[in-house]
Each structure stands twice: as C-alpha cells, then as structure tokens.
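Remarks on the structure that follows.
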Amino acid sequence: ALSLDDQLAEAHAAVGSYAALDWDWSGAEKSLTRAVQLAPGWAHGHLMYAMMCLVPTGRIRQATGEMLRAHELDPLTRITRSMLAEVLYFNRDYSRAIPEFEDLVKSDRAAPPAAGRYWLSLGLSGQEGRAIEVWGA
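In structure tokens, the structure reads:
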C-alpha cells in the first residue's frame, strides 16, 4: 500500500504495528507518528501510537496525552474508553481511571466484561470491600 501511496495513515499504522510486535520500537515510533501526522483526526491512530509504542516503552505520560486526544476525537467507542482508562491507571491517575472503569462496567449490565472488572478492582487498591464487590457483580 505504501509503495502505491505513501500518504495513507492506515498503512503507516499497520507497518508500525508490525514493528511493535517485533519490538522494533524506533520503527514503530517512526511509522505510528507518521500515521498520526497524516491523519491527526483519526482517533484509532492516536490509540495505536499510545498503546503499541508509548506504553511498552514506558512513556506513560505521553501515552496519556495521546489517549486523551483519541478520547476527545471518539468519546463513545468502547475500545477508546477502555484504553484511556488503562493508561490513566498506568499513570497512577486513579481518581480519573476509576470512574472510567466504573462507567465501562455499568454500560454493559447484561454481562459486565471481566477485563473491566479486573482493571476497576486494581484501581480500587486500598478499597478492598469495593474491589471484592466489583468481582461479585
């Protein structure tokens, strides 16, 4: 795809994703930042850059900024909200992460996803009663 058109953000993101899976962090960064530059309004590009490059390389504050931008662009998609909550947790911003996790768990009342309950219970560290309650939901 890039040989046909090197202006395709999605193609750069795909190359960056494969680089990240090979632990080629400089290649991942180069391709994923290019994807974000080409399509700054593409929420999933910001999400991929944050979660596939910045988080694994320990740049949590920068990842938080990228995820906040992704959430600003796409505030309703479950994956964007979930990844934002995780990055807030990694950044130890529990006061913002917990309400996000709680809302994600509540939004699927029929079968709260185990991942949401897991992250919420982690965020509730020091609040054992509530954390146990979350798992019982």
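Residue numbers (the working numbering): 2 to 138.
Quick reminder that beta carbons are idealized off the backbone N, C-alpha and C, glycines included.
Ile80 burial status per 10 Å Cβ neighbour count (16 or more: buried): Counting the other CB atoms within 10 Å of its CB gives Ile80 a total below 16, which places it among the exposed residues.
Is Ala64 closer than 8 Å to Ala44 when the C-beta atoms are compared?
no
Just curious, the alpha helix (DSSP H) that Asp83 is in, first and last residue?
The sequence given here has Ser at residue 83, not Asp. Its alpha helix (DSSP H) spans residues 79–91.
Item checked: Trp139 (DSSP reduced to helix, strand or coil) -> The question about residue 139 has no answer here: the residues shown for the chain are numbered 2 through 138.
Determine the burial state of Ala10: buried for a count of at least 16 other Cβ atoms within 10 Å of its Cβ, exposed for fewer. buried
*asked:* In the DSSP assignment, the alpha helix (DSSP H) including Asp25 goes from what residue to what residue?
replied: Taken as a continuous stretch (DSSP letters only), Asp25 belongs to no alpha helix (DSSP H), as it is neither H nor E.
* Let me know the secondary structure DSSP gives Gln8 once reduced to three states. => coil
TODO: Pick out whichever of Leu55, Ala14, Ala98 has its Cα sitting closest to the Cα of Ala40.
DONE: Ala14
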